[in-house]
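Novice:
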Amino acid sequence: MTSLWLSFELAGCVAVILLLLGAPFAYWLAYSSWRGKFLLESIVALPLVLPPTVLGFYALLAMGPHGPLGRLWISLFGHGLAFTFGGLVIASVLYSFPFAVQPLMVSFEAVDQKLIAASAVLGAGRLRTFRRIILPLSFSGVVTALVLSFAHTLGEFGVVLMVGGNLAGVTRTVSIDIYDHVQSLEYADANHQALLLLAISFAVLCLVYGINRRVWTFPWKL
Amino acid sequence: MTRPRANPRTLRACCVILLAFLLAAMELDGQERELRVAAAADLKFAMAELSKEFENKTGVKTDVTSGSSGNFFAQIQGGAPFDLFFSADIRYPEKLEAAGLTEPRTMLEYAVGRIVIWAPATITGDVRRKGWDTLLDARVQKIAIANPAHAPYGKAAVSALQKAGIYERVKAKLVYGENISQAAQFVQSGNAQRGIIARSLALSPGMKDGQIWEIPAEMYPPIRQAAIVLKNAKNKHAARAFLDFVKSAAGRAILEKHGFAVPGNG
Chain A
1 MTSLWLSFEL AGCVAVILLL LGAPFAYWLA YSSWRGKFLL ESIVALPLVL
51 PPTVLGFYAL LAMGPHGPLG RLWISLFGHG LAFTFGGLVI ASVLYSFPFA
101 VQPLMVSFEA VDQKLIAASA VLGAGRLRTF RRIILPLSFS GVVTALVLSF
151 AHTLGEFGVV LMVGGNLAGV TRTVSIDIYD HVQSLEYADA NHQALLLLAI
201 SFAVLCLVYG INRRVWTFPW KL
Chain B
1001 MTRPRANPRT LRACCVILLA FLLAAMELDG QERELRVAAA ADLKFAMAEL
1051 SKEFENKTGV KTDVTSGSSG NFFAQIQGGA PFDLFFSADI RYPEKLEAAG
1101 LTEPRTMLEY AVGRIVIWAP ATITGDVRRK GWDTLLDARV QKIAIANPAH
1151 APYGKAAVSA LQKAGIYERV KAKLVYGENI SQAAQFVQSG NAQRGIIARS
1201 LALSPGMKDG QIWEIPAEMY PPIRQAAIVL KNAKNKHAAR AFLDFVKSAA
1251 GRAILEKHGF AVPGNG
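As given, the protein sequences belong to chains A and B, one line each in that order.
The opening residue of the first sequence carries number 1 in the working numbering; numbering runs sequentially from there.
The opening residue of the second sequence carries number 1001 in the working numbering; numbering runs sequentially from there.
#1: In terms of DSSP beta bridges, what is A/Ala145 paired with?
#2: Any beta carbon of chain B sitting closer than 8 angstroms to that of A/Gln113?
#3: For B/Ser1087, tell me which candidate among B/Lys1044, B/Lys1052, B/Ser1051 and B/Phe1054 has the shortest Cα-Cα distance.
#4: How would you call A/Phe139, buried or exposed, if buried means at least 16 neighbouring beta carbons within 10 angstroms?
#5: Rounded to the nearest angstrom, what separates A/Pro47 and B/Ala1250 at their Cα positions?
#6: Counting only Cβ-Cβ distances shorter than 7 angstroms, please list the residues of the stretch 152–170 of chain A near chain B, keeping chain order.
#7: In whole angstroms, what separates the C-alpha of A/Ala11 from that of B/Glu1103?
#8: Name the residue from B/Phe1260, B/Gly1259, B/Lys1231 and B/Phe1242 whose alpha carbon lies nearest to the alpha carbon of B/Phe1082.
#9: Quick one: grab the DSSP three-state call for B/Val1175.
#10: Under 8 angstroms, Cβ to Cβ, is there at least one residue of chain A near B/Phe1186?
#11: On a Cα-Cα basis, can you pick out the residue from A/Arg213, A/Val89 and A/Ala118 that is closest to A/Glu9?
#12: Count the other CB atoms, across all protein chains shown, that sit within 10 Å of the CB of A/Phe202; report buried if there are 16 or more and exposed otherwise.
#13: Mind checking if B/Ala1074 is an interface residue toward chain A, Cβ cutoff 8 angstroms exclusive?
#14: From the DSSP output, which residues share a beta bridge with B/Leu1035?
#15: I want to know whether the stretch 1151–1160 of chain B touches the stretch 1205–1213 of chain B - three or more CB-CB distances under 8 angstroms.
#16: Based on DSSP bridge pairs, tell me the residues matched to B/Arg1077.
#17: What separation, rounded to the nearest whole angstrom, lies between the Cα atoms of B/Asp1029 and A/Phe77?
#18: Between the Cα of A/Ala45 and the Cα atoms of A/Ser175, A/Arg131, A/Ile211 and A/Leu94, which residue gives the shortest distance?
#19: Helix, strand or coil: how does DSSP classify B/Ala1138 here?
#20: Rank B/Arg1224, B/Ser1200, B/Ala1253 and B/Ser1189 by C-alpha distance to the C-alpha of B/Ala1121 and give the top, closest one.
#21: Cβ closer than 7 angstroms: which chain A residues qualify as neighbours of B/Ala1111?
#22: If we define contact as Cβ-Cβ less than 8 angstroms, is B/Asn1056 a contact residue for chain A?
#23: Kindly identify the DSSP beta-bridge partner or partners of B/Trp1270.
#24: What residues of chain A sit near B/Ala1099, judged by a beta carbon separation below 7 angstroms?
#25: What is the DSSP secondary structure of A/Gly210, counted as helix, strand or coil?
#26: By the DSSP assignment, the alpha helix (DSSP H) with B/Leu1201 in it spans what residues?
#27: Between A/Leu60 and chain B, is the shortest Cβ-Cβ distance under 8 angstroms, so that the two count as touching?
#28: May I have the straight-line CA-CA distance separating B/Ser1068 from A/Phe85, to the nearest angstrom?
#29: Quick one: measure Cβ to Cβ for B/Ala1198 and B/Ile1115, integer angstroms, because I've assumed they're closer than 8 angstroms.
#30: Only counting runs of 4 or more residues, tell me where the alpha helix (DSSP H) segments fall wholly within the stretch 94–166 of chain A, in order along the chain.
#31: Does the beta carbon of B/Lys1142 sit closer than 8 angstroms to a beta carbon anywhere in chain A?
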């Protein structure tokens, strides 16, 4: 079960990092009136359409001793980035980026402009308006971003396979473990883990859709 | 705001393009792919040459899918439409045979896999002279091997390391590729500093410039590789002919050239 726990750790790290990175980015995308914005939007959405093999391949090259990321990492820590937990986190952040940015952007955009204007008129700065008006009104977007990036990272396979190196407790996530069981013809073990992952994924998605339908808000409307 | 309406001419143009794509797809599908071969990753380069020669001789085209033997095994059990299966591990064709999914008496032990230590050409020191010691170099942080849990080359690498008495010392440095190709890719890209990979891959165009030390064959159990004709093969005649070609002097020469040891060839 260490592999499942490792997947949770990875997904948790990635979800938190993505929220911190994604929020300012989504804010800028939502409110900027720059004409070239579509270019950045396209870049953000790239991981949705690119196969994990493409991302994994470039990640592997970038993390190697000849790649920019790898060189930086080696000069800082004395070892390469591939086959480490940190390497997986970086690759997963790239891979799950749209899953955090898009829900945040959509919910930021949905905040009534009049409220933002009123907040400004009353003397609140941008940061205060963001904290007191935009963020509370975008609560469901924040939860969706967190949960989707968590769930997407949990289900990640291709990128982890390409940069992970399958180290127990470090880079052997549950999806890799399941794959190994299938390869070793241990179908019963594969089935146990796969079923568990299926159940967890379903529960996580129920949470997201429930929030969007306001199932969990009190008082309950039946 | 009303939705902009599609211009009927644009629409018609789209339909025509779509139709063209469909026709093109059908065309591709209708093409006669005469012999479908599932081949283990270590055979990638040898198989390209084998199938070219076979086509020159017989006019039969082959369509080779390269991948992990374990994956093919699962796919074939699920009815994957292959005519021939070249496995890096004889266990898989044996299991398929036991399950009645193969043509009787078509099993061919075509080669024995060899493993080598591979290092980039740029390192200081001679891998050939150092042998096992090259793995103990302090600058070596990661050593790539195939996953010993299911890949035959990975199992061989681990038993050779154990035989050499250094497994415990290098265990923490090992990283696992999903198959031997991926292990090679880890070391070729520089993410791992050494690799224990198939000799057939070490001799491939992208890697033959590196330094190679051949691990003595007696240090690990032989990696017996076997091919078999599958029960639901569409073209059993051509499949048998292909196996005969692999068995022939010309076929064996190609396998040897690509780094395999061929049974009965001394």
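Where is the CB? At the ideal position from N, CA and C, for every residue including glycine.
Keep in mind that this is a model prediction, so the values were computed, not measured.
Specialist: According to the structure shown:
#1: BP columns for A/Ala145 are empty, so no partner.
#2: no
#3: B/Lys1044
#4: exposed
#5: 47 angstroms
#6: Leu161, Gly165, Asn166 and Leu167
#7: 47 angstroms
#8: B/Lys1231
#9: strand
#10: yes
#11: A/Val89
#12: exposed
#13: yes
#14: B/Thr1062
#15: no
#16: Sequence inspection shows Gln at residue 1077 of chain B; the Arg mentioned does not correspond to that position. The partner list for B/Gln1077 (beta bridge, DSSP) is empty, contrary to what the question assumes.
#17: Residue confidence is low: B/Asp1029 scores 49 on pLDDT, short of 50, so the model does not pin down where it sits. Its coordinate-derived value is still stated next. Near 52 angstroms, if we compare the C-alpha coordinates of A/Phe77 and B/Asp1029.
#18: A/Leu94
#19: coil
#20: B/Ser1189
#21: Neighbours of B/Ala1111 on chain A: none; closest Cβ ~21 angstroms, over 7 angstroms.
#22: no
#23: Because chain B here runs from 1001 to 1266, residue 1270 of chain B falls outside it and cannot be looked at.
#24: The contacting residues do not exist; B/Ala1099 stays about 12 angstroms from chain A at best.
#25: helix
#26: Arg1199 to Ala1202
#27: yes
#28: 26 angstroms
#29: 6 angstroms
#30: 113–121, 126–129, 139–154 and 158–164
#31: yes
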